Structures are given as C-alpha cells and as structure tokens.
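The structure under discussion appears below in the form of structure tokens.
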Amino acid sequence: MSRPGPSPASTAPEQAMLQVKDLVKAYRADGATSWAVRHVDLRVDRGEFVAIMGPSGAGKSTLLHLLGGLDRPDSGQIWLDGRRVDDLPESRWAVLRRRSIGFVFQFSNLVSNMTAADNVELPALLAGTPPRQARERREELLTELGLEHKARSTPAALSGGEQQRVALARALINEPSLLLADEPTGSLDSRNTRDVLRLLSRCHERGQTILLVTHDARVASTADRVISLFDGEIADDSAVSLPANGGGTVADVVQLKG
Amino acid sequence: MRLALLALLAKEPAHGYELKQALEQTFGAAYPQPNIGQIYVTLSRLEQNGLIQGQDVNQSRRPNKRVYEITEAGREALAGWVAEPTEGPRVRDEFFMKLVLAPATGVTDRLALINKQRRHYLNIMRGLSRLAAAEDRNNRVAQLLIEGAMLHLQADLDWLERCQEELD
C-alpha cells in the first residue's frame, strides 16, 4: 500500500492536495458572534485518508463546507491541488466541484424523481462525459456497491443504506481527486456502514484523497490520520496505527468474566 | 471460564482438549483463549467442588484421557448463573482519576491527557476492525463480541468528548 504519511515535512509542497492557512469563519445571529472555525491551518497530502472528529458544534461540517466551496470563509486561504481557490467566484467553484471534488452528506440528497442510475450519471453528463461512457462508469460503480439490480429504482424504493451507497456512487462518478464526506454513515446501521467503509477504503487504495467528518470511531479508525476539532480549533492531529499487540482481543476493551 | 466449561458439559460429556476446541470454534480469535493448562486446572477444581465428574478412559497406545460430565449440582450452579443478572460495565476510573487530578500536580494538562487517550482508543478500534475482518464473517458469535467491544470503545470516546467539553 502506498500511503503518504501524515508528516507534512517529509513531502514536497506540490504534493499537497489541500492546504489551508489561518481559516476563519464566524456566524452572526441576534447580535452575537459564534466562531465556527478559528484560525485553522491544515495540510492534506495527495492520497491521504483523513477523518475529522469532535463534538457537535466544534465546526467540523463548517470546515468541510468551506473546503468544498459550499460556504465562504471570513478570512484565510485555501489551496486545492496547488491552486488558490478561496477567492474563486461561485461559477468556478461549481466547475471544481463537478470535476475535482466529490461530496457525500449524511442524508443522500438524491433527486427523488430520477432513478438511481440517472442520479449517478447526472454529474458525469453535466461534466461533459459522453453518455455511453457515463453509463459504463455508472454500471461499474453500482456493481461495485452491490446495487446493479437497483439501477431502475427511484430513491423512495431504496433503503437508507442503498440510498447512501447511490449517493456515494454519484460522488465518485467523475473520479474526483478529493472526496469530502460529512457523516456519510451517520444514518446507517452497522452492516451498511461496513459496505460504505469498504468502498471508501477501495477509493483510498486507488489513491483518492478523502476527508471525512464522523462521530463514528470505527469509521475514523479506518483513516490514516484523525484530526480532532474542538471549539473551531484543531485540538489534536495524529496518525492512527495498530496497537502494539497488533489488534489483541476484545478483552483489551471489555473485561470478560467467568 | 468455570461457567463456560460447565455450559459446554451440560450439552455433552467431553475431555479437556475437546472443550478447548469447542471454545475456540464458538468464540473465534476475538476471545482471549484459555490454554489447555488453564482448562485442566479449572476442570479439576470443578470436580473437587462436585460440579462435574470425571472418568478415565483407556486409550490404546496413548495416555488415558479423562472424560467429564456435569453433575446435578453442576446443573444447579449453571442455572443459578444464567438466572442471575450480570453486572453492567464499569467506567475506567483510572483514566478519570488522572484526568481530574493530574492538572493540579503540574505533571500534564487535561488536553494532553485527553488527546493521548483518544489516540489510544482509536488505535484499539483499528485493531478491532482488523480482527473483525480477519474473523470468519459468518461466525456471528465472534462478530458480535467484536461489535460489542467497538460499541464500548465508542462510548468511551463519546465520554472523553464530554469530559473535554465540561472540564475545560
């Protein structure tokens, strides 16, 4: 497995998929200011799989939205793939999101009157992919996610787990170099979580860069690196590794009696 | 382990090595497996207490083996065990003690403690994921045991977050 480590010093600057400097975002309501993201510096290398954890209100989703251009920072800079993007107009962001950034949210946000297949193909067609190629890629993705038999179903006819996998396929169809996922397993049971995790791991192995917000420690522990956000600031940033005993047994966690 | 062995013997008589295999087959690699020595020691203790009864069986060209069966008293002990509610898990209070007391000592601060503990939990979680992937997916007992451990860890992490919020 070729995984660039989380240590920024060891890699050339042009390897950074994402670089953020002194990012600030506040929300003002009823005369009060709440700081969602305070002076965050962050660097994510190409091919890294990074999880962001932290209590609700810590600024995790806001950070992700800023990085995907869904929201604008008050100050600070964002470089995507070596290009400054925080000052781009919305139209250019839209193009970036179509071509280079895939987005998955906790709720799948599928277009309700379109089939699963059309939902997945749509971003490819919008990006100018020839219809035949879009269809082939869609078939590939749905098969990989075990959904080939659901291609003609509308979202309402799919279970929550299936909808989420369709949303993931949609986010991946343009082979984005960066995948941003906000609680992608937040509404899923443990089996569906496992399927989504498996696909994310496969994307990771293929070299896609993944930035994922999650409460789920199992999801976070599949990442190479976990960032803990607290009160809009990075409280910790660390690689995840196997424990010294290589995994051990459940007795390391719960005491078994008898 | 006493009760696990009693439970297995309630099903059918067996000798020590068969019991070890049955435990392994049921719980998989996730469960800390007793070695054969521990099993023999436990069996002889159970026999002394009259909960099981052993009988030597002659084997040609091999040492004799001792086959055990459960006694009436053993069945009663087993029934008592099953009927009794099980204690809930206890909070790891050693970490909590550190968290509450350490800042006053000047040795470390709470954020450093919390970060270190979180990293530790996440690493264990990664180990459990690997264990689950390596274990036969159809062994529901083993998979549930691992999932149980994962849920405990998740609760520990959530609690860590609450400590961070409240003790700041």
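Chains W and X, in that order, are what the protein sequence lines are.
Under the working numbering, the letters of the first sequence match residues 1019 to 1276, in that order.
Under the working numbering, the letters of the second sequence match residues 293 to 460, in that order.
C-beta: ideal position from N, C-alpha, C; glycine also.
Keep in mind that this is a model prediction, so the values were computed, not measured.
{"Asked": "Reduced DSSP category for W:Thr1051 - H, G, I as helix; E, B as strand; rest coil", "Found": "strand"}
{"Asked": "Neighbourhood of X:Leu459 by C-beta distance below 8 Å, restricted to the same chain and skipping five residues each side", "Found": "Leu391, Val392 and Arg402"}
{"Asked": "Within chain X, the residues that W:Val1244 reaches when beta carbons sit closer than 7 Å", "Found": "Leu414"}
{"Asked": "From X:Gly320, X:Glu310, X:Ala425 and X:Asn407, residue whose alpha carbon lies closest to that of X:Asp450", "Found": "X:Asn407"}
{"Asked": "Where W:Ser1239 falls, given that 16 or more other Cβ within 10 Å makes a residue buried", "Found": "buried"}
{"Asked": "X:Arg432 classed as buried or exposed, judged by whether at least 16 other C-beta atoms fall within 10 angstroms", "Found": "exposed"}
{"Asked": "Contained alpha helix (DSSP H) runs [length at least 4] in the stretch 1185-1237 of chain W, N- to C-terminal order", "Found": "1208-1223"}
{"Asked": "Cutoff 7 Å: X:Met442 Cβ touching any chain W Cβ", "Found": "yes"}
{"Asked": "Best match in X:Asn356, X:Ile331 and X:Leu443 for proximity to X:Leu301 [C-alpha to C-alpha]", "Found": "X:Ile331"}
{"Asked": "Cut-off 6 Å between Cβ atoms - residues of its own chain near W:Ser1093, not counting five sequence neighbours on either side", "Found": "Val1042"}
{"Asked": "Short Cβ contact (7 Å threshold) for W:Phe1067 with W:Ile1191", "Found": "no"}
{"Asked": "CA-to-CA distance, W:Gly1065 to X:Val374, given in whole angstroms", "Found": "51 Å"}
{"Asked": "First through last residue of the beta strand (DSSP E) which encompasses W:Ala1069", "Found": "Phe1067 to Met1071"}
{"Asked": "Uninterrupted beta strand (DSSP E) stretches inside the stretch 334-408 of chain X (no shorter than 3 residues)", "Found": "344-349 and 357-362"}
{"Asked": "Pair within 7 Å by beta-carbon distance, W:Leu1036 and W:Val1062", "Found": "yes"}
{"Asked": "Local Cβ density within 10 Å of X:Asn350, reported as buried at 16 or more and exposed below that", "Found": "exposed"}
{"Asked": "Element boundaries [alpha helix (DSSP H), containing X:Ala299]", "Found": "Arg294 to Lys303"}
{"Asked": "X:Lys303, buried or exposed, once every other Cβ within 10 Å from all chains shown has been counted against 16", "Found": "exposed"}
{"Asked": "Contact under 7 Å by Cβ, W:Ile1245 with W:Ile1119", "Found": "no"}
{"Asked": "Reference W:Leu1260; option with closest CA among X:Leu311, X:Ala424, X:Glu453 and X:Gly419", "Found": "X:Gly419"}
{"Asked": "Alpha carbon of W:Leu1218 to alpha carbon of X:Gln340, nearest angstrom", "Found": "55 Å"}
{"Asked": "Cβ of X:Ala434 within 7 Å of any chain W Cβ", "Found": "no"}
{"Asked": "is_contact[X:Ala425, chain W] using C-beta, thresh 7 Å", "Found": "no"}
{"Asked": "Span of the alpha helix (DSSP H), counted from its first residue to its last, around X:Asp481", "Found": "This structure does not reach residue 481 of chain X, given that chain X is present from 293 up to 460, and the question cannot be answered."}
{"Asked": "Proximal residues to W:Val1055 (C-beta, below 7 Å), its chain only, five neighbours per side dropped", "Found": "Leu1041, Val1042, Lys1043, Gly1077, Thr1080, Leu1081, Leu1084 and Gly1250"}
{"Asked": "W:Pro1073 at chain X interface by Cβ criterion, 7 Å", "Found": "yes"}
{"Asked": "W:Ala1112, enclosing beta strand (DSSP E) - first and last residue", "Found": "First-last for W:Ala1112: Glu1108 to Arg1117, but that is the alpha helix (DSSP H), not the beta strand (DSSP E)."}
{"Asked": "Positions along the stretch 1245-1259 of chain W whose CB lies within less than 7 Å of some CB in chain X", "Found": "Ser1246, Phe1248, Ala1253, Asp1254, Ser1256, Val1258 and Ser1259"}
{"Asked": "Under 8 Å by beta carbon: chain W residues contacting X:Asn430", "Found": "What X:Asn430 touches in chain W: nothing, since even the nearest Cβ is about 13 Å away."}
{"Asked": "Interface positions of the stretch 1199-1210 of chain W facing chain X (Cβ-Cβ less than 7 Å), listed along the chain", "Found": "Ser1208"}
{"Asked": "Sequence-distant residues of the same chain with beta carbon closer than 8 Å to X:Leu298, five excluded per side", "Found": "Leu338, Leu343, Ile344, Ile362, Gly366, Ala369, Leu370 and Trp373"}
{"Asked": "Cβ pair count under 8 Å reaching 3, the stretch 1131-1142 of chain W against the stretch 1155-1166 of chain W", "Found": "yes"}
{"Asked": "Beta-carbon proximity list for W:Pro1173, same chain, < 6 Å, skipping 5 on both sides", "Found": "Leu1128, Ser1130 and Gln1181"}
{"Asked": "Between the CA atoms of W:Arg1243 and W:Pro1148 - distance to the nearest angstrom", "Found": "37 Å"}
{"Asked": "Contact belief for X:Tyr309 with X:Leu335 at Cβ below 8 Å, rounded distance in angstroms", "Found": "The Cβ separation is near 11 Å, so there is no contact."}
{"Asked": "Beta-carbon neighbours of W:Ala1238, restricted to chain X and to distances below 7 Å", "Found": "Leu414"}
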